[in-house]
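Undergrad: Protein sequences, first through last, are from chains A and B. Under our numbering, the first residue of the first sequence carries the number 466, and numbering increases by one thereafter. Under our numbering, the first residue of the second sequence carries the number 466, and numbering increases by one thereafter. Just so it is clear, CB atoms sit at the ideal spot from N, CA and C, and this is done for glycine as well.
There are 2 protein chains.
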Amino acid sequence: MDVIEETTAKGVTERRVDLRVGEEIVPAMIWTPEGADGPRPTVLIGHGGTQHKQAPNVVAMARRFVRHLGYAAVATDAPGHGDRIVDPAMAELARKNLEARLAGDTSGRLAVPDRDPEAMRAMVSRSRQGTKEWSAVLDQLVELPEIGNGPFGYWGVSMGTSIGLPFVAADSRITAAVLGLNGLSDRPGQEAFGDAARSLTVPILFMFQWDDELMTRQSGLDLFDAIGSEDKSMVIHPGGHVGTPLYERDLYESFYVRHLGTV
Amino acid sequence: MDVIEETTAKGVTERRVDLRVGEEIVPAMIWTPEGADGPRPTVLIGHGGTQHKQAPNVVAMARRFVRHLGYAAVATDAPGHGDRIVDPAMAELARKNLEARLAGDTSGRLAVPDRDPEAMRAMVSRSRQGTKEWSAVLDQLVELPEIGNGPFGYWGVSMGTSIGLPFVAADSRITAAVLGLNGLSDRPGQEAFGDAARSLTVPILFMFQWDDELMTRQSGLDLFDAIGSEDKSMVIHPGGHVGTPLYERDLYESFYVRHLGTV
């Protein structure tokens with residue numbers, strides 16, 4: 466793990482690190498309480514499509530988990546995102562969405578990539594890569610004394626669920642997860658995704674938007690149904706894909722406290 | 466308002482009162498912080514079918530609102546319930562359900578009244594009476610200096626929604642409500658119920674059980690859809706009618722704090 470930069474502000478130490486996973490460099494952020502020196506509950510945050518490891522909502526949530534709960538939080542750039550963008554069209558979408566958000570756009574709508582078959586295949590392939598990376602990232606995180614053996618939670622909606630749900634299903638170190646803004650459909654790769662959902666056993670908080678322009682209500686209900694965990698709940702709000710109210714961050718916190726405990 | 470009994474324990478003053486509404490005596494409980502002497506946010510609690518104003522979950526929630534938030538809480542016996550039971554069959558159902566609960570039954574199942582046409586008509590008529598009573602009860606509560614002009618929230622699921630939803634829709638003094646365990650169907654009286662749901666404008670937190678033996682998933686989703694409020698959310702858990710996890714009381718609290726404020 467190469468530490469690229471480290472800063473501390475308002476009690477939160479923020480490290481920009483590079484992790485090596487096979488041939489890939491995975492850029493990541495690690496947030497910990499200032500002076501943290503022992504293992505603690507840690508939330509891995511998987512950003513959404515066109516976002517990255519320092520998207521405003523990722524950073525805001527990570528700092529909250531550190532300041533309110535004394536947890537650690539970790540975010541990576543998913544394949545093809547953030548510092549790993551290689552496709553100019555993705556860069557343009559990322560710019561558009563960030564611009565709309567910073568301009569105070571509250572429509573809840575998101576600019577998304579083309580959905581032609583080739584683009585979809587590339588997306589599925591990137592998601593599979595992202596799923597594999599998380600376990601390798603976690604292997605390296607447990608070596609940090611201020612993270613250690615956790616326990617670990619995962620937070621990721623939309624693409625963060627496409628990538629994170631199979632990761633949570635496969636890696637028994639994750640003991641609770643917030644997922645959402647995703648569904649079961651007939652898209653490529655969805656059979657394996659459904660199988661992963663059915664194999665989940667850890668507590669799941671599933672967030673969904675009732676007027677999501679990217680997926681049908683039924684696909685979301687089907688995914689919630691498929692989730693195998695006995696302890697699961699689905700929280701539905703009206704509005705578009707990125708319209709989940711910010712106050713639900715309180716809900717994520719109480720969910721993690723219930724399952725990962727306090728420091 | 467006749468005060469029948471008053472006790473104080475652990476900082477919570479509990480009054481058993483009789484209110485007069487037309488020809489009816491409405492027995493009620495009022496919980497306030499010990500020594501409370503000014504207006505404060507107040508939650509009106511409508512119990513479920515076969516329950517009453519001092520059912521264990523009603524009392525537990527009321528005391529929480531007082532101890533955690535400094536709020537007042539009020540519960541009444543709905544028509545035909547609690548001290549107002551006139552039907553021996555209802556008394557037997559109430560006994561059965563309480564017994565199962567006290568014995569630690571976690572099946573989430575509830576013994577319910579017969580659903581023959583005459584019994585259904587009587588239930589609808591009792592619910593209408595209960596709806597009217599709440600506004601008359603509130604008229605009397607605002608006279609208490611320790612409650613005053615609130616603001617007021619409502620909490621009631623199952624029969625507490627059958628009775629409470631039309632009350633919340635009709636009485637503009639209620640500015641936020643937790644509803645749930647109810648749906649839109651073709652039962653008698655459902656047209657007016659749907660109209661009331663569509664006319665709602667205040668924030669609504671709608672709780673639902675995904676395997677509710679008393680109503681279909683679709684009826685619950687239809688009721689959530691019908692609710693006219695812009696600020697609404699639906700929280701779904703697996704399990705039967707009375708299986709909502711107790712930890713969701715934290716959610717009710719944060720909902721009321723958001724909308725009724727703090728003391």
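When the distance is taken between beta carbons, is S664 of chain A closer than 7 Å to G693 of chain A?
TA: On the first sequence, position 228 is the one that residue 693 of chain A refers to. On the first sequence, position 199 is the one that residue 664 of chain A refers to. In this structure, S664 of chain A lies closer than 7 Å to G693 of chain A by Cβ.
Undergrad: Could you tell me how far apart the beta carbons of V667 of chain A and I639 of chain A are, in whole angstroms, since I believe they sit closer than 8 Å?
TA: Locating residue 667 of chain A in the first sequence gives position 202, counting from the first residue. Locating residue 639 of chain A in the first sequence gives position 174, counting from the first residue. Indeed, because the Cβ distance is near 7 Å, the residues count as touching under 8 Å.
Undergrad: Looking at chain A, which residues of the segment 538-571 of chain B have a Cβ within less than 9 Å of any of its Cβ atoms?
TA: Taking a C-beta cut-off of 9 Å against chain A, none of the residues of the segment 538-571 of chain B qualify.
Undergrad: In terms of residues, what are the limits of the beta strand (DSSP E) holding S698 of chain A?
TA: Within the first sequence, the letter at position 233 stands for residue 698 of chain A. Per DSSP, S698 of chain A belongs to the beta strand (DSSP E) from 697-702.
Undergrad: Can you tell me where the alpha helix (DSSP H) with E564 of chain B in it begins and where it stops?
TA: The residue labelled residue 564 of chain B in the question sits at position 99 within the second sequence. Counting along the chain, the alpha helix (DSSP H) containing E564 of chain B begins and ends at 553-567.
Undergrad: For D696 of chain B, which option in A:L711, A:E499, A:L686 has the closest C-alpha, if you only look at C-alpha atoms?
TA: The residue given as residue 696 of chain B occupies position 231 in the second sequence. Per the Cα distances, A:L711.
Undergrad: By Cβ distance below 7 Å, which residues in the same chain neighbour P653 of chain A in space, the five residues on each side in sequence not counted?
TA: Mapped onto the first sequence, residue 653 of chain A falls at position 188. Here the set comprises M585, R586, V589.
Undergrad: Out of B:R714, B:A661, B:E678, B:A691, point me to the one whose CA is closest to P703 of chain B's CA.
TA: Counted from its first residue, the second sequence places residue 703 of chain B at position 238. Of B:R714, B:A661, B:E678, B:A691, the residue nearest in Cα terms is B:E678.
Undergrad: Would DSSP call Y619 of chain A helix, strand or coil?
TA: Locating residue 619 of chain A in the first sequence gives position 154, counting from the first residue. Strand at Y619 of chain A.
Undergrad: What alpha helix (DSSP H) runs, 4 residues minimum, are completely inside the segment 633-675 of chain B?
TA: 655-664
Undergrad: What residues from chain B crowd round D715 of chain A, counting only those whose CB sits closer than 7 Å?
TA: The residue labelled residue 715 of chain A in the question sits at position 250 within the first sequence. Those are S719, listed as they occur along chain B.
Undergrad: Name, please, each residue of chain A whose Cβ falls closer than 8 Å to the Cβ of R723 of chain B.
TA: Within the second sequence, residue 723 of chain B is the residue found at index 258, counting from 1. Within chain A, the residues near R723 of chain B are Y712.
Undergrad: Between B:P610, B:T709, B:D570, which has its C-alpha nearest A537 of chain B's C-alpha?
TA: Stepping through the second sequence from its first residue, residue 537 of chain B is reached at position 72. If we check each option's Cα against that of A537 of chain B, B:P610 comes out closest.
Undergrad: Below 6 Å CB to CB, which residues in the same chain sit around L509 of chain B once its five sequence neighbours on both sides are set aside?
TA: Looking up residue 509 of chain B in the second sequence gives position 44. So the qualifying residues of the chain are V539, Y619.
Undergrad: Along chain B, which residues have their Cβ under 9 Å away from the Cβ of P668 of chain A?
TA: Looking up residue 668 of chain A in the first sequence gives position 203. Within 9 Å Cβ-Cβ: nothing; P668 of chain A doesn't reach chain B, min ~11 Å.
Undergrad: Helix, strand or coil, according to DSSP, for A538 of chain A in the structure here?
TA: Here the question's residue 538 of chain A lines up with position 73 in the first sequence. Strand at A538 of chain A.
Undergrad: Restricting to Cα atoms, I'd like to know which of B:V524, B:R485, B:Q516, B:G503 is closest to M494 of chain B.
TA: Sequence index remark: in the second sequence, residue 494 of chain B carries index 29 (1-based). Residue B:V524 is the option with its Cα nearest to M494 of chain B.
Undergrad: Decide if L567 of chain A is buried, meaning its Cβ has at least 16 other Cβ atoms within 10 Å, or exposed.
TA: Working through the first sequence from its first residue, we reach residue 567 of chain A at position 102. Looking at its Cβ environment, which holds fewer than 16 other Cβ atoms inside 10 Å, L567 of chain A is exposed.
Undergrad: Given a cut-off of 7 Å on the beta-carbon distance, is the pair G659 of chain B and F673 of chain B in contact?
TA: Locating residue 659 of chain B in the second sequence gives position 194, counting from the first residue. Locating residue 673 of chain B in the second sequence gives position 208, counting from the first residue. Not a contact, by the Cβ cut-off of 7 Å.
Undergrad: Using the C-alpha atoms, what's the distance from E598 of chain A back to T681 of chain A?
TA: Counting from one through the first sequence, the residue named residue 681 of chain A turns up at place 216. Counting from one through the first sequence, the residue named residue 598 of chain A turns up at place 133. For T681 of chain A and E598 of chain A, the distance between alpha carbons rounds to 29 Å.
Undergrad: Return helix, strand or coil for I798 of chain B, following the three-state DSSP convention.
TA: Any answer about residue 798 of chain B is impossible in this case: the structure gives chain B only from 466 up to 728.
Undergrad: Please report the distance separating the alpha-carbon of E418 of chain B from that of T478 of chain B.
TA: Residue coverage of chain B in this structure runs from 466 to 728, which leaves residue 418 of chain B outside it and unanswerable.
Undergrad: Could you please give the first and the last residue of the uninterrupted alpha helix (DSSP H) stretch that includes P578 of chain B?
TA: Start at 1 with the first residue of the second sequence, and residue 578 of chain B comes out as number 113. Segment: none, P578 of chain B is in no alpha helix (DSSP H) and carries neither H nor E.
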